[in-house]
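Numbering (the working numbering), first residue to last: 139 to 238.
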Amino acid sequence: MSEPVTFLKQLISLAGLSGYEAPVRELLEATWRPLVDELQVSRLGSLHALRRGAASEPRPALMYAAHMDAIGMMVSGLLEDFLRISEVGGVDPRSWRGSW
139 MSEPVTFLKQ
149 LISLAGLSGY
159 EAPVRELLEA
169 TWRPLVDELQ
179 VSRLGSLHAL
189 RRGAASEPRP
199 ALMYAAHMDA
209 IGMMVSGLLE
219 DFLRISEVGG
229 VDPRSWRGSW
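Below, the structure is given as structure tokens:
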């Protein structure tokens, strides 16, 4: 894997709104492929990786789980000088500037 900061910059620079995570998944696939034994993409687009341990049985198991989509907002209309905003992926309206 590349240096962590470089990798994270690549990752957060990709478009990855809910339902459109393919660019993020493709970067993760390319990064993980040399590190794991199996990679699968589910019907919903989730990426699953498996790396088998080398120790004798029984051995501990570890799972990492994370979201690869980003939350966002979309302009859905104009009202005079104001933008009407729709959520994409669940945004807490309390975090919107000027929404009070």
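Think of the CB as a built atom: it goes at the ideal place given N, C-alpha and C, for glycine as much as any other residue.
DSSP state of residue i mapped onto helix, strand, coil
| i | result |
| --- | --- |
| Ala160 | helix |
| Leu149 | helix |
| Val179 | strand |
| Leu165 | helix |
| Leu216 | strand |
| Val174 | coil |
| Arg222 | strand |
Contact belief for residue i with residue j at Cβ below 8 Å, rounded distance in angstroms
| i | j | result |
| --- | --- | --- |
| Leu182 | Val226 | 17 Å between Cβ atoms; not a contact. |
Whether residue i touches residue j by CB criterion (8 Å)
| i | j | result |
| --- | --- | --- |
| Met206 | Val162 | yes |
In DSSP terms, what residue i is bridged to
| i | result |
| --- | --- |
| Ala187 | Leu177 |
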